[in-house]
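Report on the following structure.
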Amino acid sequence: MILALLTFVGLAALTPWLTRLLRARVFYVVAALPAAVFVYTALQSATVLAGGVVTESVPWIPQLDIAFSFRMDTLAWLLALVVTGVGALVMVYCARYFSDTEPSLGRFAALLLAFAGTMFGLVTADDIYVMFMFWEITSVLSYLLIGHYTERKESRGAALQALLVTTFGGLAMLVGVVLLSVAGGSTSIHQLVTDPPGGAIVTVSVILILAGAFSKSALVPFHFWLPAAMAAPTPVSAYLHAAAMVKAGIYLVARFAPGFADTPGWMPVIVIVGASTMILGAWRSLRQNDLKLLLAYGTVSQLGFLIVVVGFGTRDAALAGATLLLSHALFKATLFLVVGIIDHDEGTRHLRQLTGLGRRRPVLAATALIAVASMSGIPPLLGYVAKESVFSAFIEAGSAGDGWGWVALVGTVVGSALTVAYSARFFWGAFARKPELETQASHEPGHESHASRGILAAPIILTIATIALGLSAGPLGRALESYADTVSGEGDYHLALWHGFEPALGLSALAIGAGSGLFAVRRRFARLQRALPPVVDASRVYWSIVHAVDRLAARITVFAQRGGLPQYLTTILLVFVLCLGVATTLNRTWPAAFVAWDYPAQVFIAAVMAAAAVMAARATHRLAAVLLVGATGFGMVALFAFHGAPDLALTQALVETVTIVVFVLVLRRLPRKIAQHNKPVRRWRRGMIGAAVGVTMGLIGLIALGARQAGGLGPELARLAVEEGHGQNVVNVMLVDIRAWDTMNELSVLVVVATGVASLLFVTGRNVVVPRLRESRGRRRGLERARLVDDPHTQNDAPDDRQHTWLLGGRTLAPDQRSLMIEVLVRLLFHPAILVSIYLLFAGHNAPGGGFAGGLLAGLALIARYLAGGRYELGETLPIGPGILLGSGMLIATGTALGSLFVGADILTSAYFEGDLPLIGQVSFGTSTIFDIGVYLVVIGVVLDVLRSLGGEVDRQQAEADDVPGVAEPLKAGSERA
Amino acid sequence: MSASLTLVVLMAIMYGTGVYVMLEKSLTRILIGFMLIGNATNLLIFLMSGRAGDAPIIGDGATGENTVDPVPQVLMLTAIVINFGVTAFILALIYRSWWLANLGDEGDDVTVDDEDVIDAEEAEVYHASLDEDDEAVRAQLAGAADNGDIDIESDIDNNHTERGAGR
Chain A
1 MILALLTFVG LAALTPWLTR LLRARVFYVV AALPAAVFVY TALQSATVLA GGVVTESVPW
61 IPQLDIAFSF RMDTLAWLLA LVVTGVGALV MVYCARYFSD TEPSLGRFAA LLLAFAGTMF
121 GLVTADDIYV MFMFWEITSV LSYLLIGHYT ERKESRGAAL QALLVTTFGG LAMLVGVVLL
181 SVAGGSTSIH QLVTDPPGGA IVTVSVILIL AGAFSKSALV PFHFWLPAAM AAPTPVSAYL
241 HAAAMVKAGI YLVARFAPGF ADTPGWMPVI VIVGASTMIL GAWRSLRQND LKLLLAYGTV
301 SQLGFLIVVV GFGTRDAALA GATLLLSHAL FKATLFLVVG IIDHDEGTRH LRQLTGLGRR
361 RPVLAATALI AVASMSGIPP LLGYVAKESV FSAFIEAGSA GDGWGWVALV GTVVGSALTV
421 AYSARFFWGA FARKPELETQ ASHEPGHESH ASRGILAAPI ILTIATIALG LSAGPLGRAL
481 ESYADTVSGE GDYHLALWHG FEPALGLSAL AIGAGSGLFA VRRRFARLQR ALPPVVDASR
541 VYWSIVHAVD RLAARITVFA QRGGLPQYLT TILLVFVLCL GVATTLNRTW PAAFVAWDYP
601 AQVFIAAVMA AAAVMAARAT HRLAAVLLVG ATGFGMVALF AFHGAPDLAL TQALVETVTI
661 VVFVLVLRRL PRKIAQHNKP VRRWRRGMIG AAVGVTMGLI GLIALGARQA GGLGPELARL
721 AVEEGHGQNV VNVMLVDIRA WDTMNELSVL VVVATGVASL LFVTGRNVVV PRLRESRGRR
781 RGLERARLVD DPHTQNDAPD DRQHTWLLGG RTLAPDQRSL MIEVLVRLLF HPAILVSIYL
841 LFAGHNAPGG GFAGGLLAGL ALIARYLAGG RYELGETLPI GPGILLGSGM LIATGTALGS
901 LFVGADILTS AYFEGDLPLI GQVSFGTSTI FDIGVYLVVI GVVLDVLRSL GGEVDRQQAE
961 ADDVPGVAEP LKAGSERA
Chain B
979 MSASLTLVVL MAIMYGTGVY VMLEKSLTRI LIGFMLIGNA TNLLIFLMSG RAGDAPIIGD
1039 GATGENTVDP VPQVLMLTAI VINFGVTAFI LALIYRSWWL ANLGDEGDDV TVDDEDVIDA
1099 EEAEVYHASL DEDDEAVRAQ LAGAADNGDI DIESDIDNNH TERGAGR
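Just so you know, the sequences run in chain order A and B.
Residue numbering for the first sequence follows the working numbering, starting at 1 and increasing by one per position.
Residue numbering for the second sequence follows the working numbering, starting at 979 and increasing by one per position.
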């Protein structure tokens, strides 16, 4: 069974591709699979009918006891035969029904095949969660299949309606499934049914599961989606809405009835819902003029019938239910296929436009007639056998003292009479000669063509089964009895064509007689129907609910999303303050001891920082605000330094410097003053919110401190750092070794951020080539460097060959933007700075430093070059793109991480090499150092990327805007000189 | 664990001012608020390392008694660098929005004003297509069922006669 399911998945995936080759003939290929599974299932008959089961199981989530377990007993066997057999026939039918030019044929074929597979899985699954999974997949597939004509509004609407209704039921069912499996302590349906748990929770869960079954099987009050779903292509209606999907609910009830029929509430719900659905569906069916809708309401009616019988919970009813299920699948699929042929050939399925079809299409008419007769319960067809057994079962139950037996009997007899009436009306509408229409029938299509004879194969086979199974009622009954016998209780009914003159026979005759009578007086009956006030329209209720939900969603959206970041922030912060503020008042774990300060300088630093923060909040000039924020950052540096966090102090100092530079780079283009649009009232509000958040955060900090009881991990980490990480700087060892995963994720964040910055700035696409000076490529570079330097301020007047410089890029700047002093300083300090950064990188393992600090320092050195010499200087300094740095850094880091896998260790395991080298002394070099090199490169890459984007690219755009020749055209300047 | 009140108060002040600035419409101010809150958050984590002590570097004369907890420091070190990355990103956003929108001296406001606010009716329009689909289903079903088949023959007769009259 598992193999079959996997084949379904595989073939369905291939189907769109096959369709491109075979067009409509692809259906013959896909039909082969359900046919093969049908044969497989049939081969299991011997085992199954002897009372055995076929089981397969593959563990899936052992922690939850969920497994792909499948179990084929008689009921599963019967359903599997129906879904695969009808499925294969419908697919064969599709090959003729669709033309090669049908749009999205591949999708349709794949979905139909996948659906057949899902149904097979659904009926054979034994794990209740796996069964539920298949259950939901059928909902989704039916959504896609009903909505096949995506361009038609009614098709989309119907698909969504079916999806909403069935998934609503599915959700209810999921709750029921979870409750039941927990209460029963098992996920196996077989286990749950044979050893049913009891209690109030089980009652609730069973009712919820019934809700799911009812929504799937289109029972009152969920029945309305099924007629709407007739917007689907007819093969879908024949398969999903007659034989397969709607049977899922019936199957589920049949599956649970042996164990749970005596649950309180089961019987009234089943009988009332089932009988009312049967009568309502038939009543509505009599009013339809569209043959397909007539059948759809008829299906609703029959589903109600089925639910009463399979859910009734006696042994005889179970036998009758299984028979009825089979007979309904056979005749209803036939009738849908017949309607499809009529629609296809005549161009209409409206019974006011069809006339004389019976004469022209005798084979079609005969097929339909037999199916209709079976539906009406006329001997010797399977439908008759089924109906007989149903009535007998109810009479049996009723005379045994079960009041619900009589209710069910009356309901189903009335329903059967109506069924006979609409069956007759269907046949009359489709095939009868209507003299009054003859003259109008201007289009007189030809007789059965060869093509339409081919399409008849599927309905004819189904009809033959209806006759054959009816005639062999005895053997069929013996086969199905092994399911019926799982229901506890008395019962010795056997299927047969002739039981003698029994009450059931009389009831059958009564139903046929009354139904025929209704058909005879159909005009008067229709007038009566119209005169009666309409029953409450469930679909209207559905529509108003959906509409109300839509409107509510719109209202809430408009209420919550008023537009404007400040409002959203306000909402978030208020919720934060309210929730956590209330929580803080409940706190009982305040710190054991308070100290005013750790050391006196702390107060001074804090005061400066607080003042800077307040002033930053009030500053109206951008630059001032940025510098003040920077002051708080440098205050942090001081706090860290005094507190025993040299690594933090170092990193924060470098970051703060880089941040301020980058800020200034951008701000030089923006207006100096920050636009002020806020009204004074808002300022008060903002102040209040700010204060509230500040106080809340302060309280949270105190509580967190107080809650912390155990000491830190310090000593343990120190031991780990030395023994495992071979380093003395615990912070660095943690970054590159103990918590290296974290660092690696952080690196990827940095890469993303850098890429984001670049993509925001390089509007017209990122330059792959690093901007460089033209003449720098080649030997002249050295010569240029060797020349003497003039005072840049004099160049304005005397641009000549004797132009020498400390920084190559400096020449591209407008003379009034240059400063010789800075150029010289940068030139002299750059290389030492890079050396120090490399020192920091390698020393970091044992002393303050590390990849982050080293990378930031190197970045700072680059920034200095850029500031002194402009963007071309940047290209000259580091003639590779930031992408290469980011990529290689990431590669080194991940390479180190993955490398340990190759030697059989866990990911990110570090290895160390230790030894004495001449001159340098004792050296410990580990893979974590290589990892740190990756960090180093990524950080440089980020700084470089930011610099090229927010520095160089902004320069270029500014130059374009200002059109200053001296700045924009360094190449021209260079060539002039050359 | 004991707490240094000075740091707690400082953290609260920085959160408060950060939120105050962040609630404005100017993107620059939002960024400044972000940076203040970022520093305040770092301070919060930092508080958790307890009282001041020796750096967590072994062999630096640290006995282990008075060493600061290194875990918050590790968390903060990455936080500091990420903060820088996000700051740069917001800066790029500010510049980009200002440059592309050609705001000039207008600056960098988040330009959603009251007139841009969508109202409920407009929002409901978004659902209209769904309603149309539903409507189509309803029409389809109603059209087929409404008149039942009373007098199907007589209806046809009527049509017939009308047609005949037309001719």
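Backbone N, C-alpha and C define an ideal beta-carbon position, used for all residues, glycine too.
Taking the C-alpha atoms as reference points, what is the distance between residue i and residue j?
i, j, result
"L761 of chain A", "A619 of chain A", "27 Å"
"H621 of chain A", "L628 of chain A", "11 Å"
"V577 of chain A", "T194 of chain A", "54 Å"
"G513 of chain A", "G506 of chain A", "10 Å"
"I556 of chain A", "V595 of chain A", "48 Å"
"E716 of chain A", "Q652 of chain A", "26 Å"
"S399 of chain A", "L324 of chain A", "22 Å"
"H793 of chain A", "V824 of chain A", "Low per-residue confidence applies at H793 of chain A: pLDDT is 47, beneath 50, and the placement is therefore not dependable, though the value from the model is reported in the following sentence. Distance between the alpha carbons of H793 of chain A and V824 of chain A: 15 Å."
"L145 of chain A", "D492 of chain A", "43 Å"
"A786 of chain A", "G951 of chain A", "Residue confidence for A786 of chain A is low, a pLDDT of 46 falling below 50, so the modelled location carries little weight; the figure read from the coordinates is stated next. Using only the alpha carbons, I get a separation of about 28 Å."
"P196 of chain A", "G259 of chain A", "6 Å"
"T55 of chain A", "S188 of chain A", "12 Å"
"G321 of chain A", "G85 of chain A", "19 Å"
"T1065 of chain B", "V903 of chain A", "40 Å"
"I370 of chain A", "T463 of chain A", "7 Å"
"A754 of chain A", "L6 of chain A", "45 Å"
"L330 of chain A", "V90 of chain A", "12 Å"
"L112 of chain A", "F852 of chain A", "57 Å"
Indicate whether residue i and residue j have their beta-carbon atoms separated by less than 8 Å.
i, j, result
"Y28 of chain A", "A4 of chain A", "no"
"E481 of chain A", "L319 of chain A", "yes"
"F426 of chain A", "L295 of chain A", "yes"
"N846 of chain A", "Q728 of chain A", "yes"
"A35 of chain A", "A114 of chain A", "no"
"V246 of chain A", "F120 of chain A", "no"
"V749 of chain A", "G994 of chain B", "no"
"R71 of chain A", "V82 of chain A", "no"
"I1060 of chain B", "N1020 of chain B", "no"
"L337 of chain A", "A238 of chain A", "yes"
"Y97 of chain A", "P235 of chain A", "yes"
List the endpoints of the continuous beta strand (DSSP E) containing residue i.
i, result
"A125 of chain A", "Premise fails: A125 of chain A is in no beta strand (DSSP E) and is neither H nor E."
"I61 of chain A", "V54 to I61"
"M91 of chain A", "First-last for M91 of chain A: T74 to Y97, but that is the alpha helix (DSSP H), not the beta strand (DSSP E)."
Provide the residue span of the alpha helix (DSSP H) that contains residue i, from first to last.
i, result
"V220 of chain A", "Unbroken run through V220 of chain A: none, as it is neither H nor E."
"T419 of chain A", "G403 to F431"
"E953 of chain A", "Looking at the DSSP string, E953 of chain A is not in any alpha helix (DSSP H), and its letter there is neither H nor E."
"A649 of chain A", "P646 to L667"
"M230 of chain A", "Premise fails: M230 of chain A is in no alpha helix (DSSP H) and is neither H nor E."
"K673 of chain A", "First-last for K673 of chain A: undefined, no H or E at that position."
"Q529 of chain A", "R522 to A531"
"I892 of chain A", "P882 to F902"
"P258 of chain A", "M245 to F260"
* Positions along the segment 855-884 of chain A whose CB lies within less than 7 Å of some CB in chain B -> none
* Could you name the residues of the segment 133-165 of chain A whose beta carbon sits closer than 8 Å to any beta carbon of chain B, in the order they occur along the chain? => R152, K153, E154, R156, G157, A158, L160 and Q161
* Taking only runs of the beta strand (DSSP E) that begin and end inside the segment 135-184 of chain A, which ones reach a length of at least 3 residues, in chain order? -> none
* Which of the residues in the segment 683-696 of chain A, read from start to end, lie with their CB under 7 Å from any CB of chain B? -> R686, G687, I689, G690, A691, V693, G694 and V695
* To do: Closer than 7 Å, Cβ to Cβ, to anything on chain B: give me those residues from the segment 417-436 of chain A, in chain order.
  => E436
* **Contiguous alpha helix (DSSP H) assignments of at least 4 residues, all confined to the segment 1003-1072 of chain B** => 1005-1025
* Which of the residues in the segment 568-580 of chain A, read from start to end, lie with their CB under 7 Å from any CB of chain B? -> L569, T570 and L573
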